[in-house]
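A.B. asks: I have a structure I would like to understand better, so I am pasting it below and will then ask my questions one at a time.
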Amino acid sequence: MLARATGFRAFLGLLQRDIWNTLRHELGGFLAQSLMQPLAFLFVFGLVLPEIGAVDEGYATQLLPGIIALTLVLTALQNVALPLVIEFSYTKEIEDRLLAPISPLMVGVEKLVFATGRSLIAALLILPLGAVILPDGLQTGGANWGVFALLLVVGGLAGASIGLVLGTSVPAKRINMVFALALTPLIFTGATFYPWQLLDSLRWFQVLTLVNPLTYVSEGMRAALTSSPHLGAEWIALGLGVSTVAFATVGLRGFVRRAVD
């Protein structure tokens, strides 16, 4: 019992240290990294294109949930993968963390929890940005905020789990190349800019998007915030649940292996 209590306090200590370090030294960089790309997408796709008639006026309503999902997943992914590569390869800070009286597995779990928390903040900030930028503001009269909150947590955890896999499996010298090759397909096959059901005429691409965990987060956000067409709730739950568990399992195993080595 004493060992468990000590481990829990150590876990909270690591989490508190990461939060405090963000507030003192990284807040501006975190916000810029997390919000610059979504801000550009909202402005161009949500304001400029409807204004010049390139898309329907209602497109922004379908776009906003996708941008929230994109911000959620990418923020979590980046806030695990990049620090891990640096800590394992350059600063060796991970060795300091492993001296804490908790198992290497729980050190990895702390990484997931912290990145998920950061992604929640970034995703929530998209709501006021959307209210200011989009022509019709926020159209969330029939929103299911309970489902929205659940998706924030699970979607953030999914992104963090993908980041853990990348951060523990990719050598430092190749991380830039892997990010360039992985992030673009992740962004554009994740139903971010289009509802999944509208891809019926491109069946092969519609099927391809189901491989991407971001698709289930985007479609879940549409289901929670709008009345737009979306993937069935049972498929969203299944796809997001399976992908999160799979990536978390692989990522944590990889983390423990790297930590022990």
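Start counting the sequence shown at 995; every next residue gets the next number (this note's numbering).
The beta-carbon is built from N, C-alpha and C at its ideal position, and this holds for glycine as well.
Using only CA atoms, which one of 1039, 1164 and 1098 lies nearest to residue 1124?
C.D. replies: Scanning 1039, 1164 and 1098 for the CA closest to the CA of residue 1124 turns up 1039.
A.B. asks: Do residue 1158 and residue 1078 have their CB atoms nearer than 9 angstroms?
C.D. replies: Here residue 1158 is near residue 1078, since their CB atoms are less than 9 angstroms apart.
A.B. asks: What distance in whole Å lies between the Cβ atoms of residue 1094 and residue 1070, which are believed to be in contact at a cut-off of 8 angstroms?
C.D. replies: Wrong, their Cβ atoms sit about 22 angstroms apart, outside the cutoff.
A.B. asks: Whole-angstrom Cβ separation of residue 1211 and residue 1192, contact assumed at under 8 angstroms?
C.D. replies: The Cβ separation is near 17 angstroms, so there is no contact.
A.B. asks: Starting from residue 1134, trace the alpha helix (DSSP H) both ways and give me its first and last residue.
C.D. replies: Residue 1134 -> no alpha helix (DSSP H), and no H or E assigned at all.
A.B. asks: Helix, strand or coil, according to DSSP, for residue 1236 in the structure here?
C.D. replies: Reduced to three states, the DSSP call for residue 1236 is helix.
A.B. asks: So what's residue 1122 in DSSP terms, helix, strand or just coil?
C.D. replies: It is helical.
A.B. asks: Give the DSSP-derived three-state secondary structure of residue 1226 in the structure shown.
C.D. replies: coil
A.B. asks: So for residue 1090, helix, strand or coil by DSSP?
C.D. replies: helix
A.B. asks: By Cβ distance, which residues of its chain are closer than 8 angstroms to residue 1102, with the 5 residues on each side in sequence left out?
C.D. replies: 1158, 1245, 1246, 1249, 1250 and 1253
A.B. asks: Are there three or more Cβ pairs, one per stretch, closer than 8 angstroms when the segment 1169-1177 is compared with the segment 1047-1067?
C.D. replies: no
A.B. asks: Below 8 angstroms on the Cβ atoms is my contact criterion, and I expect residue 1128 with residue 1041 to pass it. Report the Cβ-Cβ distance as a whole number of Å.
C.D. replies: 7 angstroms
A.B. asks: Identify whether residue 1187 lies in helix, strand or coil by the three-state DSSP scheme.
C.D. replies: coil
A.B. asks: For the alpha helix (DSSP H) containing residue 1197, list its first residue and its last residue.
C.D. replies: Start and end: 1197-1203.
A.B. asks: Less than 8 angstroms between the CB atoms is what I'm expecting for residue 945 and residue 1056, so what's the real figure, rounded?
C.D. replies: The structure shown does not extend to residue 945, since the chain is modelled only from 995 through 1255, so no value can be given for it.
A.B. asks: Taking buried to mean at least 16 other C-beta atoms within 10 Å of its own C-beta, is residue 1047 buried or exposed?
C.D. replies: Burial is judged here by how many other beta carbons sit within 10 angstroms of a residue's own beta carbon; residue 1047 has fewer than 16 and is exposed.
A.B. asks: Excluding the 5 residues flanking residue 1151 on each side, which residues of the same chain have their C-beta closer than 8 angstroms to its C-beta?
C.D. replies: The beta carbon of residue 1151 sits closer than 8 angstroms to the beta carbons of 1070, 1106, 1110, 1238 and 1242 from its chain, once the five residues preceding and following it are set aside; these are given in chain order.
A.B. asks: Mind checking which residues open and close the alpha helix (DSSP H) that includes residue 1214?
C.D. replies: 1207-1219
A.B. asks: With C-beta atoms as the reference, is residue 1153 less than 9 angstroms away from residue 1215?
C.D. replies: no
A.B. asks: Measure how close the beta-carbons of residue 1146 and residue 1066 come, nearest whole angstrom, since I'm counting them as under 8 angstroms.
C.D. replies: 6 angstroms
A.B. asks: For my contact list, residue 979 and residue 1190 are in at a C-beta cut-off of 8 angstroms; report their separation, rounded to the angstrom.
C.D. replies: For residue 979 there is no data in the structure shown, the boundaries of the chain being 995 and 1255.
A.B. asks: Would you identify the three-state DSSP class for residue 1129, choosing helix, strand or coil?
C.D. replies: Residue 1129 carries a coil assignment under DSSP once its states are collapsed to helix, strand and coil.
A.B. asks: Three-state secondary structure (DSSP) at residue 1044?
C.D. replies: helix
A.B. asks: Short of 6 angstroms in beta carbon distance, which residues of its chain neighbour residue 1164, apart from the five on each side in sequence? Order them along the chain.
C.D. replies: 1172
A.B. asks: What would DSSP say about residue 1051, mapped onto helix, strand or coil?
C.D. replies: coil
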